[in-house]
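Here is the structure we will look at.
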Amino acid sequence: MGSHIPNDTVSGRTTALCLDMGATIGGVIFGTIHIAAWNLSFPTAIEQTLWRTASIMSTALLPIMCLPLFVNGYIVRGPFMLIKVWEIIFGGLYVIARAFLLVEIFRTLFYLPEDAYVTTWA
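Everything in the sequence shown is counted per our numbering, starting at 38 for the first residue and increasing by one.
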């Protein structure tokens, strides 16, 4: 068989940057989909406020968290410990916001009106 053909146009650093940017852009798009539910009805006003807060957090925290990581990894090296603390704090908040959105999606299914269970077939 033939030998492996190298791809010299993509280096490991370029690939990592593309993956990081793609994940960040994907996270922002995912968050904006949840912001689209801004005025939907929720079981309580507190849950609506928490939904709005978590939607904004899931949209904004990923770029806020990743910006210093991009700068540190690709432009200028910063203090390692400060970058790790930044990543843990904002990454933790992001995970909490996403987890709340996931739980709230299924929780609101319990509060659907009775008309949602009426079949329209036949």
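We treat Cβ as the ideally placed atom computed from N, Cα and C, and that holds for glycine.
My guess is that residue i and residue j are in contact by the Cβ rule of under 8 Å, so how many angstroms apart are they, rounded?
{"i": "residue 134", "j": "residue 94", "result": "4 Å"}
{"i": "residue 123", "j": "residue 105", "result": "6 Å"}
{"i": "residue 98", "j": "residue 127", "result": "5 Å"}
Only counting the same chain, and skipping five residues up and downstream in sequence, which positions put a Cβ closer than 7 Å to that of residue i?
{"i": "residue 15", "result": "Coverage of the chain is limited to positions 38 through 159, which leaves residue 15 absent and any answer about it impossible."}
{"i": "residue 96", "result": "65, 68, 69, 72"}
{"i": "residue 130", "result": "94, 98"}
What is the DSSP secondary structure of residue i, counted as helix, strand or coil?
{"i": "residue 105", "result": "helix"}
{"i": "residue 116", "result": "coil"}
{"i": "residue 75", "result": "coil"}
{"i": "residue 100", "result": "helix"}
{"i": "residue 155", "result": "coil"}
{"i": "residue 95", "result": "helix"}
{"i": "residue 39", "result": "coil"}
{"i": "residue 54", "result": "helix"}
{"i": "residue 139", "result": "helix"}
{"i": "residue 81", "result": "coil"}
{"i": "residue 87", "result": "helix"}
Taking only the alpha-carbon atoms, compute the straight-line gap between residue i and residue j and give it to the nearest angstrom.
{"i": "residue 109", "j": "residue 62", "result": "19 Å"}
{"i": "residue 116", "j": "residue 132", "result": "24 Å"}
{"i": "residue 107", "j": "residue 54", "result": "8 Å"}
{"i": "residue 87", "j": "residue 100", "result": "21 Å"}
{"i": "residue 57", "j": "residue 89", "result": "26 Å"}
{"i": "residue 74", "j": "residue 85", "result": "10 Å"}
{"i": "residue 60", "j": "residue 148", "result": "33 Å"}
Between which residues of its own chain and residue i is the CB-CB distance below 8 Å, once the five residues before and five after are set aside?
{"i": "residue 83", "result": "none"}
Who are the Cβ neighbours of residue i in its own chain at under 6 Å, not counting the five residues just before and after it?
{"i": "residue 142", "result": "none"}
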